[in-house]
Amino acid sequence: MSGPRKVEVLFSEKEIIQRVEGIAAEVAAAKPKDLLVVAVLKGSFMFAADLLRAMHRVGLEPQVEFFHLSSYREGMVSTGTVRILRDIESSVKDRDVVLVDDILESGRTLAFAKDLLVARGARRVLVCTLLEKRGKREVPIKADFVGFDCPDEFVVGYGMDVAHSYRELPFIGHVVTEAGKP
Ligand code: IMP
Ligand code: MG
């Protein structure tokens with residue numbers, strides 16, 4: 069990283085914390101049975117960690133698994149194909165799965181993961197995304213739980229990166245250069 073980094077806050081730490089509690093309540097209202105949370109790595113790790121703890125607070129008892137999927141190179145452009153870098157280990161047969169990701173954009177990542185879990189016999193696959201970029205869908209998929217509507221900008225923080233940086237930020241924002249331009 070060269071030079072100072074500037075990130076403009078889009079969703080603050082406080083806003084995120086409040087919304088995550090709300091999502092947990094929405095999941096509880098769906099009365100999941102034998103709940104398995106499947107988090108899509110890497111982008112959703114922070115969201116998933118907070119959501120799991122919020123689920124505990126609303127009385128849910130989820131198990132957790134991780135899918136490492138990749139549709140992006142080291143940049144901001146999707147490659148169009150989704151690859152499994154690491155599969156989940158648990159069976160999803162007859163279970164309610166909450167599939168958790170950071171951003172729903174083209175829909176390819178979540179559609180791929182959802183289809184796979186359905187094919188493996190999940191009872192229900194509920195899609196949960198922290199951010200939704202509307203109007204960007206290239207494959208039809210609807211999220212059951214959405215944290216925030218996201219403007220059509222490349223965002224970072226709270227687990228999300230650009231070229232592996234910025235994941236540690238406790239808030240979500242977009243990168244601005246020193247000249248004030250992305
Ligand atoms: P989709 O398959 O096009 O829906 O892409 C979703 C995935 O692309 C997310 O899981 C993110 O990892 C990544 N992604 C899309 N937009 C952004 C962004 O603005 N910042 C960081 N990652 C993004
Ligand atoms: Mg991702």
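Numbering (our numbering), first residue to last: 69 to 250.
In this text, a Cβ means the ideal position worked out from N, Cα and C, and glycines have one as well.
- Look at I171: its beta carbon is less than 7 Å from one of the heavy atoms in ligand 1.
- Sixteen is the threshold: since fewer than 16 other Cβ atoms of the shown chains lie within 10 Å of the Cβ of S80, the residue is exposed.
- Comparing alpha-carbon positions, the option among E173, L178 and P238 lying closest to C218 turns out to be E173.
- Not a single heavy atom of ligand 1 lies less than 7 Å from the C-beta of V165.
- Counting only residues of its own chain and dropping the five nearest sequence neighbours on each side, F134 has a CB closer than 6 Å to the CB of A107 and L109.
- Annotated three-state conformation of G189 is coil, per DSSP.
- The alpha-carbon of A97 is positioned some 44 Å away from that of P72.
- Distances from the alpha-carbon of R191 to those of L153, I209, V230 and K99 put K99 closest.
- F115 sits buried, since 16 or more C-beta atoms from the chains shown fall within 10 Å of its C-beta.
- Residue range F113 to R125 is occupied by the alpha helix (DSSP H) that includes F115.
- Along the segment 154-206, the beta strand (DSSP E) occurs as fully enclosed runs of 3 or more residues at 164-172 and 192-200, listed in sequence order.
- E83 sits in a helix when the DSSP states are folded into three classes.
- Not a single heavy atom of ligand 1 lies less than 7 Å from the C-beta of T149.
- Nearest to D183 by C-alpha distance, out of E200, V165 and T197, is V165.
- The beta carbon of L153 is closer than 7 Å to those of H136, L137 and S138 in its chain, skipping five residues each way along the sequence.
- Not a single heavy atom of ligand 1 lies less than 7 Å from the C-beta of L237.
- Excluding residues up to 5 positions away in sequence, V223, I240, G241 and H242 lie with their Cβ nearer than 7 Å to the Cβ of L78 in the same chain.
- In the three-state reduction of the DSSP assignment, I152 falls in the strand class.
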